[in-house]
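All residue numbers for the sequence shown refer to this note's numbering, where the first residue is 755 and numbers rise by one. Data block below; observations after.
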Amino acid sequence: MTAISHRLASSDVLAGIGIVALSLGFGIGAISYDIGSLARMQAGFFPLVLGVIGAMLGVALIIMGLARQGEIPRPPALRPLLFISAAFIAFSLTIDRLGLIPAIMICGTIAAKATPSTTWREALMLSTGLAVAIWLLFIVLLSMPIRVWAGF
């Protein structure tokens with residue numbers, strides 16, 4: 755691999771390209787809304803500003819990655835990606851049917867197993883603590899109208 759291709763494949767350059775692409779998506783999506791002005795911001799103003807700032811940071815990351823010799827990135831770890839994605843999907847499928855507490859318990863348990871060394875006992879303890887903390891924050895302290903259990 756040549757020095758140029760090694761630099762183009764560095765983690766910083768690839769991350770910068772990803773950030774620029776995501777930021778451009780925000781910016782393009784914001785254009786479909788009214789932008790308004792600085793004094794009277796409309797719905798598209800904030801996503802457009804985030805898109806511009808993100809794109810600038812991504813370009814800066816690309817430039818920094820090209821300026822120095824970086825390592826070739828490793829392929830992504832699939833286990834955490836799959837377990838965290840499954841946790842999001844499980845939460846979205848169970849929150850309406852089962853309620854907040856069971857959905858958090860299921861989501862937390864699945865997400866905790868993204869690390870192979872986590873035991874089932876540790877995952878259940880973590881998800882129980884998470885469910886109690888979220889219940890205290892959103893239901894008790896903020897009085898949000900979220901169904902805690904199915905039927906309640």
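C-beta: ideal position from N, C-alpha, C; glycine also.
Sequence-distant residues of its chain with Cβ nearer than 8 Å to residue i (five each side left out)
| i | result |
| --- | --- |
| I773 | G808, A809, L811, G812, L815 |
8 Å Cβ cutoff met for residue i and residue j
| i | j | result |
| --- | --- | --- |
| M859 | T882 | yes |
| G805 | F799 | no |
| W889 | L852 | no |
Close-in-space but distant-in-sequence residues of the same chain around residue i (CB under 7 Å, 5 per side omitted)
| i | result |
| --- | --- |
| L895 | none |
| A877 | T863, A866, K867 |
| A857 | F845, T848, I849 |
| A784 | G798, P801, L802, G805 |
| I900 | L854, F892, I893 |
| F837 | I864, A865, K867, A868 |
| S941 | Here the chain has residues from 755 to 906 only, and residue 941 is not among them. |
| P834 | A868 |
Residue i classed as buried or exposed, judged by whether at least 16 other C-beta atoms fall within 10 angstroms
| i | result |
| --- | --- |
| D766 | buried |
| G831 | It is worth fixing the name first, because residue 831 is Ala in this sequence and not Gly. Its Cβ having fewer than 16 others within 10 Å, A831 is exposed. |
| G779 | exposed |
| S786 | exposed |
| S897 | exposed |
| A885 | buried |
| S839 | exposed |
Which residues DSSP lists as bridging residue i, in chain order
| i | result |
| --- | --- |
| M795 | G790 |
Quick one: complete alpha helix (DSSP H) runs, 4+ long, within the stretch 817-876? 832-852, 854-866
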